[in-house]
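Q:
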Amino acid sequence: MKFQNPRGTADVLPIDSAKWQALENSFRKTAGLYGYKEIRTPTFEDTELFQRTSGETSDIVSKQMYSFEDKGGRNLTLKPEVTASALRAVIQNNLCPTGSQLRLYYLSPIFRYERPQKGRFREAHQFGLELLGVASELADAEIIQATTQFYRSIGLKDLTVLINSLGREQARASYRTALLEFADSYLTTLDLEARAKIEKNPLRMLDSKDPDVIELMKSAPSILSFLESESQLRFGRLQEYLTAAQIQFEVRPEIVRGLDYYTETVFEVQSDLLGAQGALCGGGRYDGLIEELGGPPTPAVGVGMGVERALMVQEAAGINVAGNELKVFVVSIGEGIMPTAQTIALKLREAGISTMLDLSCKSFKSQLRMADKEGAQFAVFVGEDEVAKGEVTVKEFSTGKQVEVPIENLAQALKSQ
RNA sequence: GCGGGCAUAGCUCAGGGGUUAGAGCGCCUGACUGUGGCUCAGGAGGUCGUGGGUUCAAUUCCCAUUGUCCGCCCCA
0 MKFQNPRGTA DVLPIDSAKW QALENSFRKT AGLYGYKEIR TPTFEDTELF QRTSGETSDI
60 VSKQMYSFED KGGRNLTLKP EVTASALRAV IQNNLCPTGS QLRLYYLSPI FRYERPQKGR
120 FREAHQFGLE LLGVASELAD AEIIQATTQF YRSIGLKDLT VLINSLGREQ ARASYRTALL
180 EFADSYLTTL DLEARAKIEK NPLRMLDSKD PDVIELMKSA PSILSFLESE SQLRFGRLQE
240 YLTAAQIQFE VRPEIVRGLD YYTETVFEVQ SDLLGAQGAL CGGGRYDGLI EELGGPPTPA
300 VGVGMGVERA LMVQEAAGIN VAGNELKVFV VSIGEGIMPT AQTIALKLRE AGISTMLDLS
360 CKSFKSQLRM ADKEGAQFAV FVGEDEVAKG EVTVKEFSTG KQVEVPIENL AQALKSQ
């Protein structure tokens, strides 16, 4: 029995790790440009934390959580999303007392028990931003701006942000009723289970993929016409800000999001390169959540971006990321010369020059082949002839040119190249 | 949770109820003593996912199982 990685997980192999690192670096950089600081929270949390925040009826809570009981009888869950965990830490450590504001970013694995398919895994990774303590839609705009700036920085162009407003509680309640009334004749054609599901959360009909429902929803009332006047004004101003920031967006009343905690603004960036899992990121405002978790009433907005999906889109768009380049490969000629070659390699590394050498005493030719395969920029030949003169031969692969360099000047000479 | 496709070399795949299962790429070695990439020659590498069944005979047919891919659901 050979061991395999668990279903829905993936190894990031050396051939791909440079892409991950590049993406992580880009994200950290963008987050830093906006003054966000990293928060790292545990891989698992009390199960109740997620039940509270994501909504009992959401699929994530009702069937996708990796929950277990530990030896002390605690009910724990591998985090299916990061916002709840981050907010718990914020409240616990009082990082955002009333009146203050806080900008956080995170890079984290998330876990959901689902059937894997394109763009969907049981262990996935998310980048995210959270902006706490700012009620103004300027905060929503900043989050969306940072998100699009990040995607641009990794080479994804022409992405459109889909935005919507869910309003406050009043608007949502009256809209749900109106939507159910509108769809009544359709609902009577469904079996009880499907019907109950929709009645619990009618908004789900909006992003359904059932052609009949899509057709029906075309003439459904829009939530936008149910918004409280204050929410309407907010949403209008948000659009002005986005326009001013030259961010492409579309208002899409069908964007409702899968987590129940959103209020007012919600948004997504979608890509048609991802098959059925089109959402590249999702976010929105969650003004009631911190209070719900026992903190002070605090307005907040955030975004979660799928790392694997970003990588998939990058790949589909043909964006290549250069790996770490090797500068020098030391080629040793003759068995007795190995200690000298090692010493030279050591000196180069201490000078900050990436250097490899073959440790298995292969033939000269094999060593050169290996150097080429590793993508080395230079080969340094260490042979008895050269060493006797206190020199080594430096060969530049791209030009094939060779020069003799005194050993004591080697690091200096290579560094300036 | 539901439906469908796939599982043969490191990778991408071909093949076929019956001797030593193939290709391309990759890998290793060599082409006059210390010069890579290109070319040429040689070589290594597979219990044909796992378990069971049918058969004189299964890697090939059937069933199950696991994995994988795609769709539904849902979402990052």
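Just so we're aligned, residue 0 is where the first sequence starts under numbering that gives the first Met the number 0, counting upward by one.
Cβ coordinates follow ideal geometry from the N, Cα and C atoms, glycine included.
#1: Residue 112 and residue 185: beta carbons closer than 8 angstroms?
#2: Go to residue 282, then tell me how far its beta strand (DSSP E) extends in each direction, as first and last residue.
#3: Could you name the residues of the same chain whose beta carbon sits closer than 6 angstroms to that of residue 307, not counting the 5 residues immediately before and after it, in chain order?
#4: So for residue 130, helix, strand or coil by DSSP?
#5: Could you tell me the boundaries of the beta strand (DSSP E) in which residue 385 lies?
#6: Hey, out of 404, 83, 313, 413, whose CA is closest to residue 272's CA?
#7: Would you give the residue range spanned by the alpha helix (DSSP H) that residue 100 belongs to?
#8: Does residue 232 pass the burial test, meaning 16 or more other C-beta atoms within 10 Å, or should it be called exposed?
#9: Cα-Cα, which of 330, 211, 414 is closest to residue 371?
#10: Going by the DSSP bridge assignment, what does residue 110 pair with across the sheet?
#11: How is residue 187 classed by DSSP in three states: helix, strand or coil?
#12: In the structure shown, what three-state DSSP assignment does residue 337 receive?
#13: Among 254, 319, 382, 326, which residue has its Cα nearest to the Cα of residue 162?
#14: Between 398, 298, 21, 77, which lies nearest to residue 138 when the distance is taken from Cα to Cα?
#15: What residues in its chain sit with their C-beta under 7 angstroms from that of residue 274, if we drop five residues either side in the sequence?
#16: List the residues that DSSP assigns as beta-bridge partners of residue 89.
#17: Threshold first: 4 residues or longer. Then list the alpha helix (DSSP H) segments lying entirely within the segment 296-349, N to C.
#18: Using 8 angstroms as the Cβ pair cut-off and three pairs as the minimum, do the segment 97-111 and the segment 127-137 touch?
#19: Kindly indicate which residue of 389, 195, 374 has the alpha-carbon position closest to the one of residue 381.
#20: Express the C-alpha separation of residue 369 and residue 422 in angstroms, rounding to a whole number.
#21: Can you tell me the Cβ-Cβ gap for residue 289 and residue 153, rounded? I've got them flagged as a contact below 8 angstroms.
#22: Going by beta-carbon coordinates alone, are residue 284 and residue 267 separated by less than 8 angstroms?
#23: What does the alpha-carbon distance come out to for the pair residue 287 and residue 39?
#24: Could you say which of 44, 51, 10, 241 lies nearest to residue 75 if we only look at CA atoms?
#25: Whose CA, out of 373, 27, 385, lies closest to the CA of residue 396?
#26: Can you tell me which of the three DSSP states residue 371 falls into?
#27: Would you identify the three-state DSSP class for residue 84, choosing helix, strand or coil?
#28: DSSP puts residue 66 in a beta bridge; with which residues?
A: Put simply:
#1: The Cβ atoms of residue 112 and residue 185 lie no closer than 8 angstroms to each other.
#2: In this chain, the beta strand (DSSP E) harbouring residue 282 covers 278-284.
#3: Closer than 6 angstroms at Cβ, skipping near neighbours: 123.
#4: In this structure, residue 130 counts as strand in the three-state DSSP scheme.
#5: Counted as a single uninterrupted DSSP element, the stretch harbouring residue 385 is not any beta strand (DSSP E) but the alpha helix (DSSP H) occupying residues 383-387.
#6: Of the listed residues, the one whose Cα sits closest to residue 272 is 313.
#7: Residue 100 -> no alpha helix (DSSP H), and no H or E assigned at all.
#8: Its Cβ having fewer than 16 others within 10 Å, residue 232 is exposed.
#9: The option with the nearest alpha carbon to residue 371 is 330.
#10: As a beta-bridge residue in DSSP terms, residue 110 pairs with 122.
#11: When DSSP states are grouped into helix, strand and coil, residue 187 belongs to the coil group.
#12: It is helical.
#13: Nearest of 254, 319, 382, 326 to residue 162, Cα basis: 254.
#14: Looking at the Cα atoms, 298 is the closest of the given residues.
#15: Excluding residues up to 5 positions away in sequence, 117, 118 lie with their Cβ nearer than 7 angstroms to the Cβ of residue 274 in the same chain.
#16: DSSP lists no bridge partner for residue 89.
#17: Counting only runs of 4 or more, we get 306-315, 337-349.
#18: Touching, per the Cβ criterion.
#19: When only C-alpha atoms are compared, the closest one is 389.
#20: Given a span of 0 to 416 for the chain in the structure shown, any question on residue 422 remains unanswerable.
#21: About 31 angstroms separates the beta carbons of residue 289 and residue 153, which is beyond the 8 angstroms limit, so they are not a contact pair.
#22: Note that the C-beta distance between residue 284 and residue 267 is not below 8 angstroms.
#23: Whole-angstrom Cα-Cα distance: 23 angstroms.
#24: Selection 44, 51, 10, 241 evaluated against residue 75 yields 44 as nearest (Cα-Cα).
#25: Taking only the C-alpha atoms, the option nearest residue 396 is 373.
#26: In this structure, residue 371 counts as helix in the three-state DSSP scheme.
#27: Here residue 84 sits in helix by DSSP.
#28: DSSP, once it has assigned bridges, lists 76 as partnering residue 66.
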